[in-house]
Amino acid sequence: RHRRAAMLENLKYVWKYDATTLPQGVDSLLSYLNARNEWESPINCNEPERLSGEVIGLRKKSGLCLVSVAKYIPDLLVPGLEQLCGKAKELLSSNDLIPPNRMHLYEFLSVVATAVEDPLLRSNFVADVLSSSLNDLENDDVKVALNSPDGLIDFLGITEAKRNPASVTDPSNVKRVTHNYCQFYSALNQLLSVGKRCHEAAKKRPNCGIPLQHLQDKSLNQQNFPDEGPVSIRDLAVDDPFIPLWVRILPVLLRTLDVTLGMWHPRFQAALLGNSIQRYAYAISDDEVYISNAQNNAAGGVFGVGGTAGSVVNGWDRRDLNLVPRWSGWLNELRNTCFQLLGLLTNQRVLFAPELASSFAHLVSVVANPDHLKTMEHRHMTQYW
37 RHRRAAMLEN
47 LKYVWKYDAT
57 TLPQGVDSLL
67 SYLNARNEWE
77 SPINCNEPER
87 LSGEVIGLRK
97 KSGLCLVSVA
107 KYIPDLLVPG
117 LEQLCGKAKE
127 LLSSNDLIPP
137 NRMHLYEFLS
147 VVATAVEDPL
157 LRSNFVADVL
167 SSSLNDLEND
177 DVKVALNSPD
187 GLIDFLGITE
197 AKRNPASVTD
207 PSNVKRVTHN
217 YCQFYSALNQ
227 LLSVGKRCHE
237 AAKKRPNCGI
247 PLQHLQDKSL
257 NQQNFPDEGP
267 VSIRDLAVDD
277 PFIPLWVRIL
287 PVLLRTLDVT
297 LGMWHPRFQA
307 ALLGNSIQRY
317 AYAISDDEVY
327 ISNAQNNAAG
337 GVFGVGGTAG
347 SVVNGWDRRD
357 LNLVPRWSGW
367 LNELRNTCFQ
377 LLGLLTNQRV
387 LFAPELASSF
397 AHLVSVVANP
407 DHLKTMEHRH
417 MTQYW
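In short: position in the sequence shown from 1, add 36, done, that's the numbering used here.
What follows is the structure in structure tokens.
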């Protein structure tokens, strides 16, 4: 199956000139995303099936092949877009996909979407694909978590660690907290990934992403654009189908960044640093240690030979059923993703759109909050700038 996936990827060079077997090839790659072990484990049939390394490798390879095919011949996939979307949503709605495959599917669909010629259809398709991610950001658990830093601390299982230290290694609690966090973070990361892909595609259009109705042909050819002032979301969406989604994304993004940075305010540090377990929320993560040491990824990364897994919380790493080594990595992911999304918001020029004018004061109050800036660590500042 692994060899067949590799063969299907190379067939993209044939499909460019003869796409007769393209639908069957894409169907096969999609089916490999939920491939199962070729044998049943007789040990305990009541436990969830543990995928073998070979099957996980096949799933990852198939996801990468899908993206590669889409990038090479996106226009040939457009006629079957409705069917592709249906199959992709069916896969995404299942709990069987591994996280990398979810990202592969979103990237695959976003690449195909950018090849759609009609701007309205393009925007509607991207909105439909990302509807589940947007809903995950607006569910009740996330709303409670983003009400205040206390809500986020409770959401990550840090509050419970003080009342019940055993909760950080209780399998059911670890799985519940991890599932809730991953659902929230994955939604943010999926939006970032698709947003970047759509922005890159918009810059490659003939007008370089600038609405044609605001330009004269002469100025376009000379790369001397006039001062057009604020451009509406509707006009910007002609080239970038992701842009209309910012109306829903921005409020959640600002709340997430506000409460995450708020955790470093003195009153929260005073409470958490005094506890022998909770204090690890402020630790540097294994991944940050690894990056700072400029290790060679060929050796297996954080978990490979000479890796830094288990170096912060002695004897434990984020693969173990323990919340403590996960907190610092989670908070680092949230900060980094929020800052990248704000960068995308600016690069897409949505920040200056009239429709978001009412949110500008709130954005400034969060990003330039003196209390946040005073309590940032150096590693936060490098992400911030």
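Backbone N, C-alpha and C fix where the C-beta goes; we use that ideal spot for every residue, glycine too.
| Asked | Found |
| --- | --- |
| S64 by DSSP, collapsed to three states: which one? | helix |
| How is the alpha helix (DSSP H) around N137 delimited, first residue to last? | 135-149 |
| With a threshold of 6 Å on Cβ separation, who are the neighbours of M299 within its own chain once the five nearest residues in sequence on each side are excluded? | P185 |
| Using the rule of at least 16 other Cβ atoms within 10 Å of the residue's Cβ for burial, across every protein chain shown, is H414 buried or exposed? | exposed |
| Enumerate in chain order the residues of its own chain whose CB-to-CB distance from A71 is below 8 Å, with the five nearest sequence positions on each side excluded. | R37, V91, L94, R95, S98 |
| Of the choices L297, T150, L156, whose alpha-carbon is the least far from that of H235? | T150 |
| Should L156 go down as buried or exposed, given a rule of 16 or more other Cβ atoms within 10 Å for buried? | exposed |
| How about S364 and I313: do their beta carbons lie closer than 9 Å? | no |
| How do the region 289-297 and the region 178-192 stand: do at least 3 beta-carbon pairs fall below 8 Å, yes or no? | yes |
| Specify, as a first and last residue, the run of the alpha helix (DSSP H) that A299 falls within. | Before going further, note that residue 299 is Met rather than Ala in the sequence given. Per DSSP, M299 belongs to no alpha helix (DSSP H) and is neither H nor E. |
| Of the choices L377, M412, T411, whose alpha-carbon is the least far from that of L399? | L377 |
| Taking only three categories from DSSP, how would you classify G231? | helix |
| Where does Q25 fall in DSSP's three states? | No answer is possible for residue 25: the residues shown for the chain start at 37 and end at 421. |
| Can you check whether the CB of L357 is closer than 9 Å to the CB of K211? | yes |
| Using the Cα positions of G336 and V267, report the straight-line distance between them to the nearest angstrom. | Confidence is the limiting factor: at G336 the pLDDT is only 47, short of 50, which leaves the residue's position unreliable, though a coordinate-based value still follows. If you take the alpha carbons of G336 and V267, they lie about 47 Å apart. |
| I think A163 touches L281, with their Cβ atoms under 8 Å apart; what is that distance to the nearest whole Å? | 6 Å |
| Any Cβ of chain C within less than 9 Å of the Cβ of S364? | Chain labels in this structure do not include chain C; a single protein chain is all it has. |
| Return helix, strand or coil for Y108, following the three-state DSSP convention. | helix |
| Which residues in the same chain as N260 place their Cβ atom closer than 8 Å to its Cβ, once the five residues preceding and following it in sequence are excluded? | Low per-residue confidence applies at N260: pLDDT is 43, beneath 50, and the placement is therefore not dependable, though the value from the model is reported in the following sentence. Excluding positions up to five away in sequence, the list is empty. |
| Return the CA-CA distance between A317 and V103, expressed in angstroms with no decimal places. | 36 Å |
| Short check: CB of V360 to CB of A197, under 9 Å? | yes |
| With a CB to CB cut of under 8 Å and the five nearest residues on each side skipped, what residues in its chain are close to Y221? | W366, E369, L370, T373 |
| Quick check: L65 and C121, are their CB atoms within less than 9 Å of each other? | no |
| How many angstroms separate the CA atom of L58 from the CA atom of L387? | 40 Å |
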